[in-house]
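With the UniProt record's numbering, the residue at position 320 of the sequence shown is 320, and numbering never jumps.
This report concerns only the one structure given below.
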Amino acid sequence: MLNKGILWVLRLLVGGLFIFSGLIKVNDPVGTAIKLEEYFDVFSNDIAGFFIYFKPFALYIGVVLVVLEVVLGVMLILGVRSKLTAWALAAMILFFTFLTFFSAYFNKVTDCGCFGDAIKLTPWESFYKDVILMVLIGGILLLRNHLPTHAPGWAKKSVIAVAVLSLILSITAIRNLPFIDFRAYKIGVNIPKSMQPSSPLQYSYIMKKDGQTVSLDQYPTEGGYEFVEMVLKNPEALPKISDFAVWNEDGDYSEEIFSGNKLLILISNRAKMSSSNLDEIDALVKDLKSSPIQVVLVAAASQEEIDQLLIDQGWNILALQADATVVKTIVRSNPGIMLLKEGTVIGKFHHNNTPDASEVLDLYIQ
């Protein structure tokens, strides 16, 4: 009886955590794909070159993984194919543990994306979390003889329903934008303010003196100390945004972007940019020409690519360059649209949901 009680607690903990993790990533499968691409790049350089061939399929692999996380978590809790589910979870956590250890030990991918952008963990925190999960799943496997051998029909139907619903939600998030935006550029955020520390940064100074390591709040003025490192005491005060910058051959335009009303057309990769809704974007650019809203192209592309795009689309607008990672962080769409009012994000759109000029103007009036 005690074993069954322990097993039930383990099933709830492990299953619940997998469901939680999976649902967060179902909300943003494009983000999961971006993280997988990072891993494939690193693995192709450090482990085996064939990993690079997985990169074009990162989105499909990501969708399968996030749906599988949710489904296996539900199966474990409901007792559907319990032993198979436990072994599948063990295989999955071994894979995740390898990824997080690789990230932490070699400092290659500094955020595993275990909980998407909702909960940020350091590589070592992610690894320790996976180790704990391995222990919990190991406990389930040790007690596997007490797992349910049969599940009621409603439980099996529930698993199928969860799988279908998770897949639909994933596809919807891909074709639109995440249902919940956990990133630093979500609607309502003032970007220039988020680029500043929330409070003065405080440091401690790690020094050596007479063979002893000491921590000081002030840099010592007397002699005999050897500097080791400077440690931030209040990391929670760090700027939420530290990498935003836009520029062109004339210089940096970051400050100018934060003044007045701006509509940014964002492109994270020129070669992979979708052309399916460019007609709607063309119409939007044309209709806003005489409005108080300045349309700006921001692209992670070479100046030559940007110039050619302006010619191809007939856009007579300011065009700027940006880092691809920043653009992907801002909006999960290529191209995507972001509306700024004095540096505050007031709207974001997938190209499948390109607004017309009246919708855009209404947002600035509110």
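For every residue, glycine included, the Cβ atom is placed at its ideal position computed from N, Cα and C.
Which listed residue (the options) has its alpha carbon closest to that of residue i
i: I241; options: G343, V360 and L84; result: G343
i: I119; options: G22, I191, V295 and L318; result: G22
i: A58; options: S302, L36 and I265; result: L36
i: V66; options: I257, V131, L169 and L216; result: L169
i: K208; options: P200, S198 and G224; result: G224
i: E226; options: Y60, D210, E236 and A237; result: D210
i: I174; options: I346, L288 and P335; result: P335
i: W315; options: D279, K129, N190 and V331; result: D279
i: K55; options: Y39, L68, L72 and V70; result: Y39
i: Y219; options: K233, Q212, Y203 and N234; result: Y203
i: I132; options: I19, S333, A271 and L10; result: L10
i: S199; options: P235, I346, I171 and V42; result: P235
i: V327; options: I61, Y185, S302 and L2; result: Y185
i: L17; options: T172, N248, I52 and K129; result: K129
i: F102; options: G138, L121, V63 and D46; result: D46
i: G5; options: P123, G139 and F127; result: G139
i: L318; options: F106, W247 and I180; result: W247
i: K289; options: D356, I346 and Y205; result: D356
i: W8; options: S302, N145, V345 and P123; result: N145
i: G347; options: N190, Y205, A155 and Y60; result: N190
i: L68; options: S166, Y53 and W154; result: S166
Beta carbon of residue i nearer than 7 Å to that of residue j
i: L142; j: S82; result: no
i: T85; j: M75; result: yes
i: A300; j: A324; result: yes
i: P239; j: M195; result: yes
i: I293; j: L320; result: no
i: T329; j: R183; result: yes
i: L201; j: A161; result: no
i: D287; j: Q313; result: no
i: S254; j: A245; result: yes
i: L99; j: R332; result: no
Buried versus exposed call for residue i [16 or more other C-beta atoms within 10 Å across all chains shown]
i: I24; result: buried
i: N27; result: buried
i: V360; result: buried
i: M230; result: exposed
i: A268; result: Correcting the residue identity first, residue 268 is Ser in this sequence and not Ala. Buried.
i: residue 367; result: Any question about residue 367 goes unanswered here, given that the chain covers just 1 to 366.
i: A48; result: exposed
i: G188; result: exposed
i: S358; result: exposed
i: D250; result: exposed
i: V164; result: exposed
i: T354; result: buried
i: H150; result: exposed
i: E304; result: exposed
i: A271; result: exposed
i: L232; result: exposed
i: E222; result: exposed
i: D181; result: buried
i: L2; result: exposed
i: I257; result: buried
i: I171; result: exposed
i: F43; result: buried
i: P123; result: buried
i: L284; result: buried
i: S275; result: exposed
i: S302; result: exposed
8 Å contact criterion, which residue i and residue j should meet: CB distance rounded
i: L297; j: I306; result: 7 Å
i: F349; j: I365; result: Actually they are not in contact, since the Cβ atoms of F349 and I365 sit about 17 Å apart, beyond 8 Å.
i: V295; j: I265; result: 7 Å
i: V159; j: V80; result: 5 Å
i: L78; j: L89; result: Actually they do not touch by this definition, with Cβ atoms about 14 Å apart.
i: V14; j: I137; result: 6 Å
i: F51; j: T97; result: That belief does not hold up - the Cβ atoms of F51 and T97 are roughly 18 Å apart, past 8 Å.
i: I19; j: V70; result: 6 Å
i: N352; j: N261; result: About 24 Å separates the two Cβ atoms, so there is no contact after all.
i: L339; j: L363; result: 6 Å
Residue i: CB within 6 Å of a non-hydrogen atom of the ligand COA
i: L121; result: Here there are no bound small molecules, and the ligand COA is not part of this structure.
Beta carbon proximity, residue i to chain B, threshold 7 Å
i: I241; result: The structure shown has no chain B; it contains just one protein chain.
Which residue spans inside the UniProt domain "Methylamine utilisation protein MauE" (6-142) form an unbroken alpha helix (DSSP H) run of at least 4? The qualifying runs are 29-46, 58-78, 82-106 and 123-142.
Kindly provide the ranges of any alpha helix (DSSP H) runs that are 4 or more residues long and lie completely inside the segment 182-252, ordered along the chain. Listed in chain order, the complete alpha helix (DSSP H) runs (minimum 4 residues) inside the segment 182-252 are 191-194.
What residue ranges within the segment 153-177 form continuous alpha helix (DSSP H) runs of no fewer than 4 residues, ordered along the chain? When DSSP assignments are scanned along the segment 153-177, the uninterrupted stretches of alpha helix (DSSP H) that are 4 or more residues long and fall wholly within it turn out to be 153-175.
Complete runs of the beta strand (DSSP E) confined to the segment 311-358 [at least 3 residues]: Correct list: 318-321, 336-341 and 344-350.
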